[in-house]
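In our numbering, the protein residues as written are 95 to 520. Quick notes on the structure that follows.
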């Protein structure tokens, strides 16, 4: 079964907790803190595998969760890091955030990996908090939370050229003639229900991958017919091979067919009309083919047309040579503006923002936000009195207490930090 779009929930592993422990060994007095750190949680990693051709494995695995890191141990021993959850997907797989639509990863090379959800960092044990003034800290950190995301996984097949056109114009027949692919061929519309790939060998040294897509109809870019489901598969194609029934075997006008299909391609995203296009005038053995071809060339003099008869192979080789030439000379079309920048690091100066922000929500309620304070809050064990005192000191050192006073906070005001409520006390 060909599956090319799946929605998933992924949850990376949480980091293990650091622990509070002290050295208690014979003949060693005042051994000091010896609580180990928690291990890091496992990350969710996708790896491109050219041996896979469908997302079927993901269809029945809607929730993917990595293991949590191990808690720290005494005698200064750290907990074990959790194993990353590595999931193999076909080359050409795109991963997007379901909530924002942002592209997380675009896996186009065999073996390429991308971290989809980052595992949480292990919490520090109490050995890290020893100071000359507090040589025996009785608090440690909780591990960080692993990322939790809803994602959309799409497969966009990697083909050099893609066959487009109305149903029953001969795309599948052409693919079966020029490659070893054996797509289903029948005398009814939408025989092709899923994309088919074929390796086309032009000569001993040159070849390219050709994709046969389900037929398009008018309104495909708006969701009509079957073709709209698979337009994404020609986003990576360098050359579009537009097959037209020049013999009007289905009773349609080939001049109008060409206009309609190109309009649908133009309406679709990713600038499909910027790709070079070769027009294959198929079914030239029919009676009306020559007349229609003359009309077509008059209507579209700029189009590069190759008259063929796919069944008899007539004219096919010349068309293949031209497609091969365009594949070799046309650069790839990136799906994002950042694609292709793989080597080197770009350093840019970014002015540092504030460590925290305070928002007056009204009714004596204030909200404190900021990555650093949220991270410290989540790693604090509020069942431990010493840890609570440490958190209060951090708030004071960061200047949050004074900032609240300066903005008008008074006794018994409510302070919100990461959806937890505190009372402001002078």
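Quick reminder that beta carbons are idealized off the backbone N, C-alpha and C, glycines included.
Worksheet entry | Spatial distance of residue 483 from residue 511 (CA atoms) | Here residue 483 refers to the residue found at position 389 when the chain shown is read from its first residue. Here residue 511 refers to the residue found at position 417 when the chain shown is read from its first residue. Rounded to the nearest angstrom, the two C-alpha atoms are 16 Å apart.
Practice prompt. Using three-state DSSP, classify residue 348 as helix, strand or coil.
Written response: One-based indexing of the chain shown puts residue 348 at position 254. Note: residue 348 maps to helix in three-state DSSP.
Discussion item. Using C-beta distances below 6 Å, list every residue in its chain close to residue 425, excluding the 5 sequence neighbours before and after it, in chain order.
Written reply: For the purposes of this step, residue 425 is taken as residue 331 along the chain shown, with counting starting at 1. Excluding positions up to five away in sequence, the list is empty.
Worksheet item: Is residue 505 helix, strand or coil by DSSP?
Response: For the purposes of this step, residue 505 is taken as the residue at position 411 of the chain shown. Coil.
Discussion item. So, with DSSP's three-state summary, where would you put residue 420?
Written reply: Against the chain shown, residue 420 aligns to sequence position 326. Looking at residue 420 - three-state DSSP - the assignment turns out to be helix.
Worksheet item: For residue 479, which three-state DSSP category applies?
Response: Locating residue 479 in the chain shown gives position 385, where the first residue counts as 1. Residue 479 falls in the helix class under three-state DSSP.
Practice prompt. Enumerate in chain order the residues of its own chain whose CB-to-CB distance from residue 272 is below 8 Å, with the five nearest sequence positions on each side excluded.
Written response: Position 178 of the chain shown, counted from the first residue, corresponds to residue 272. Excluding residues within five positions, the ones whose Cβ falls inside 8 Å are 292, 294, 304, 410 and 414.
Discussion item. Quick test of the definition: if touching needs 3 or more C-beta pairs under 8 Å, does the stretch 263 to 271 touch the stretch 155 to 170?
Written reply: no
Worksheet entry | Given residue 490 as reference, the closest of 187, 477 and 518 once Cα atoms are compared | To locate residue 490, count along the chain shown from 1; it is residue 396. Minimum Cα distance to residue 490 is reached at 518.
Discussion item. Less than 8 Å between C-beta atoms, sequence neighbours within five positions excluded: which residues of the same chain meet that for residue 365?
Written reply: The residue you call residue 365 lines up with position 271 of the chain shown. Take residue 365, set aside five residues on each side of it, and the residues of its chain with a beta-carbon closer than 8 Å to its own are 427, in chain order.
Discussion item. Can you give me the C-alpha to C-alpha distance between residue 547 and residue 485, rounded to a whole angstrom?
Written reply: As shown, the chain starts at 95 and ends at 520. That puts residue 547 outside it, with no answer to give.
Practice prompt. Compute the Euclidean distance between the alpha carbons of residue 210 and residue 198, then round it to the nearest angstrom.
Written response: Taking the chain shown and counting its residues from 1, the one referred to as residue 210 is at position 116. Taking the chain shown and counting its residues from 1, the one referred to as residue 198 is at position 104. Using only the alpha carbons, I get a separation of about 7 Å.
Worksheet item: Span of the alpha helix (DSSP H) holding residue 152?
Response: In the chain shown, residue 152 corresponds to position 58, counting from 1. First-last of the alpha helix (DSSP H) with residue 152: 150 to 153.
Worksheet entry | Cβ neighbours of residue 433 in the same chain (closer than 7 Å, five flanking residues each side left out) | Here residue 433 refers to the residue found at position 339 when the chain shown is read from its first residue. Any reading at residue 433 must be qualified, since the residue scores a pLDDT of 41, below 50, and its modelled position is unreliable; the value itself is stated next. Once the five neighbours on either side are set aside, the close Cβ partners of residue 433 are 200.
Worksheet item: Relative to the alpha-carbon of residue 224, which residue among 184, 481 and 368 has its alpha-carbon at the smallest distance?
Response: In the chain shown, the residue the question calls residue 224 occupies position 130. It is 481 whose Cα lies nearest to the Cα of residue 224.
Worksheet entry | Inter-residue spacing [alpha-carbon to alpha-carbon] between residue 228 and residue 513 | What you label residue 228 is simply residue 134 of the chain shown in a count that begins at 1. What you label residue 513 is simply residue 419 of the chain shown in a count that begins at 1. Each residue's alpha carbon lies about 31 Å from the other.
Discussion item. Within the continuous alpha helix (DSSP H) that includes residue 467, where are the two ends?
Written reply: Residue 467 sits at position 373 when you count from the first residue of the chain shown. Where residue 467 is concerned, the enclosing alpha helix (DSSP H) stretches over 465 to 472.
Item to complete: On a CA-only basis, which of 349, 193, 137 and 186 is nearest residue 205? Give me that one, please.
Response: As a first step, residue 205 is located in the chain shown; it is residue number 111 there, counting from the start. Minimum Cα distance to residue 205 is reached at 186.
Worksheet item: How about residue 307 and residue 258: are their beta carbons less than 9 Å apart?
Response: If you number the chain shown from 1, residue 307 lands on position 213. If you number the chain shown from 1, residue 258 lands on position 164. Yes.
Discussion item. To test your reading of the DSSP string, which unbroken beta strand (DSSP E) runs of 3 or more residues are found completely within the stretch 226 to 250?
Written reply: 242 to 249
Practice prompt. Within the stretch 118 to 203, note down every full beta strand (DSSP E) run reaching 3 residues or more, in order along the chain.
Written response: 138 to 143, 157 to 159, 179 to 184, 187 to 191 and 197 to 201
Discussion item. Can you look up residue 376 in the DSSP assignment and give me helix, strand or coil?
Written reply: Translated into positions along the chain shown, residue 376 becomes position 282. Reduced to three states, the DSSP call for residue 376 is strand.
Discussion item. According to DSSP, is residue 496 part of a helix, a strand, or is it coil?
Written reply: For the purposes of this step, residue 496 is taken as residue 402 along the chain shown, with counting starting at 1. Three-state result, residue 496: helix.
Worksheet entry | Of the listed residues 465, 507 and 147, nearest to residue 252 (C-alpha basis) | By one-based count along the chain shown, residue 252 stands at place 158. Looking at the Cα atoms, 147 is the closest of the given residues.
Worksheet item: On the three-state DSSP scale, how would you describe residue 427?
Response: In the chain shown, the residue the question calls residue 427 occupies position 333. Coil at residue 427, not helix or strand.
Item to complete: Locate the alpha helix (DSSP H) running through residue 383, then write down its first and last residues.
Response: Counting from 1 along the chain shown, the entry for residue 383 is found at position 289. Counting along the chain, the alpha helix (DSSP H) containing residue 383 begins and ends at 383 to 393.
Worksheet item: From residue 212 to residue 241, what does the alpha carbon distance come to, in whole angstroms?
Response: In the chain shown, residue 212 corresponds to position 118, counting from 1. In the chain shown, residue 241 corresponds to position 147, counting from 1. The straight-line gap from Cα to Cα measures roughly 6 Å.
Item to complete: Can you give me the start and stop residues for the alpha helix (DSSP H) that residue 265 sits inside?
Response: Here the question's residue 265 lines up with position 171 in the chain shown. Note, residue 265: alpha helix (DSSP H), 265 to 272.
Discussion item. Cutting at 7 Å between CB atoms, please list the residues of its own chain near residue 263, excluding the five before and the five after it.
Written reply: Here residue 263 is taken as the residue at index 169 of the chain shown, counted from 1. Closer than 7 Å at the Cβ level, and outside the excluded window around residue 263, lie 337, 338, 339 and 376.
Practice prompt. Less than 8 Å between the CB atoms is what I'm expecting for residue 128 and residue 172, so what's the real figure, rounded?
Written response: For this step, residue 128 is matched to residue 34 along the chain shown. For this step, residue 172 is matched to residue 78 along the chain shown. The Cβ separation is near 12 Å, so there is no contact.
Practice prompt. Note the first and the last residue of the continuous beta strand (DSSP E) segment covering residue 301.
Written response: Here residue 301 is taken as the residue at index 207 of the chain shown, counted from 1. It spans 301 to 306 - the beta strand (DSSP E) in which residue 301 sits, taken as one unbroken run.
Practice prompt. Have a look at 506, 492 and 488 and flag the residue whose alpha-carbon is nearest the alpha-carbon of residue 458.
Written response: Looking up residue 458 in the chain shown gives position 364. Comparing Cα positions, the closest option is 506.
Item to complete: Assign residue 252 to one of three DSSP states: helix, strand, or coil.
Response: By one-based count along the chain shown, residue 252 stands at place 158. If DSSP states are grouped into helix, strand and coil, residue 252 belongs with coil.
Worksheet entry | Endpoints, beta strand (DSSP E) assigned at residue 591 | Outside the shown range of the chain (95 to 520) lies residue 591, about which nothing can therefore be said.
Practice prompt. Note the first and the last residue of the continuous beta strand (DSSP E) segment covering residue 342.
Written response: Your numbering for residue 342 matches position 248 in the chain shown. Counting along the chain, residue 342 falls outside any beta strand (DSSP E), and DSSP gives it neither H nor E.
Worksheet entry | Whether residue 216 touches residue 111 by CB criterion (9 Å) | Locating residue 216 in the chain shown gives position 122, counting from the first residue. Locating residue 111 in the chain shown gives position 17, counting from the first residue. With a cutoff of 9 Å on beta-carbon distance, residue 216 and residue 111 are scored as near each other.
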